[in-house]
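> After the C-alpha cells below, expect a handful of questions from me.
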Amino acid sequence: MSEHIELPHQHGKDEEKIINSLPSEERVHMVSTILKQLGDPSRLRIFWLLCHCEECVINIAALTDMTSPAVSHHLRLLKASGLIVSRREGKEMYYKAADTDVAQSLHKIIESIADITCPE
C-alpha cells in the first residue's frame, strides 16, 4: 500500500506491518471471484472430478446427474476463472483442471476440508 493510513485507535501493536502487507483490492477481487466459482456445489463437484480426469460434457453430465446444458454453463464459468482448460478432439470438447498452482492448491484444500481421498 502506497498511502499512509492513520488508524483511529493505536493498540501498541505493529499495525504498520499489517497495513503494508494488505493485498490490493484488485488482488482480493480476483481471489474472491475464483472462490465464488467453487461456492456452488455443482461447480465444486465438477472441478473436483476434473482434477482427476479429463472428460467430455456428456460424461460429466452423467457422472453428476445434471443436464448437458447445465454442465456447459458451469464449465464456462470455471474456464473463465482459469480453474479448468479445454481441448477439442474432432467434434468433442474435453475438460480438465488447469495445470496451475491455484487449481492444484484448491484441489488439495477441497480434499483436505472434505476429507476426500484421491482415486488411485
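With our numbering as the guide, the letters of the sequence shown map in order to residues 10 to 129.
The beta-carbon is built from N, C-alpha and C at its ideal position, and this holds for glycine as well.
1. In angstroms with no decimal places, state the Cα-to-Cα distance between L92 and W57.
2. Quick one: grab the DSSP three-state call for I67.
3. When we look at the beta-carbon of S41 and count the other beta-carbons within 10 Å, is it buried (16 or more) or exposed?
4. For L59 and A106, which I take to be in contact (beta-carbon distance under 8 Å), what is that distance rounded to the nearest angstrom?
5. If you follow the alpha helix (DSSP H) that A79 is part of, which residue opens it and which one closes it?
6. Decide if R52 is buried, meaning its Cβ has at least 16 other Cβ atoms within 10 Å, or exposed.
7. Locate the alpha helix (DSSP H) running through A112, then write down its first and last residues.
A quick look at the data gives this:
1. Reading the sequence shown from its first residue, position 83 is the one you call residue 92. Reading the sequence shown from its first residue, position 48 is the one you call residue 57. A direct Cα-to-Cα measurement between L92 and W57 gives close to 11 Å.
2. Locating residue 67 in the sequence shown gives position 58, where the first residue counts as 1. I67 falls in the helix class under three-state DSSP.
3. Translated into positions along the sequence shown, residue 41 becomes position 32. Looking at its Cβ environment, which holds fewer than 16 other Cβ atoms inside 10 Å, S41 is exposed.
4. Against the sequence shown, residue 59 aligns to sequence position 50. Against the sequence shown, residue 106 aligns to sequence position 97. For L59 against A106, the beta-carbon gap comes to about 5 Å, under 8 Å, which counts as contact.
5. The count along the sequence shown starts at 1 and reaches residue 79 at position 70. Annotation: the continuous alpha helix (DSSP H) that includes A79 extends over S77 to A89.
6. Against the sequence shown, residue 52 aligns to sequence position 43. With a threshold of 16 other beta carbon atoms within 10 Å, R52 meets it and is buried.
7. For the purposes of this step, residue 112 is identified with residue 103 of the sequence shown, where counting begins at 1. Looking at the DSSP string, the run of the alpha helix (DSSP H) that includes A112 is D110 to A123.
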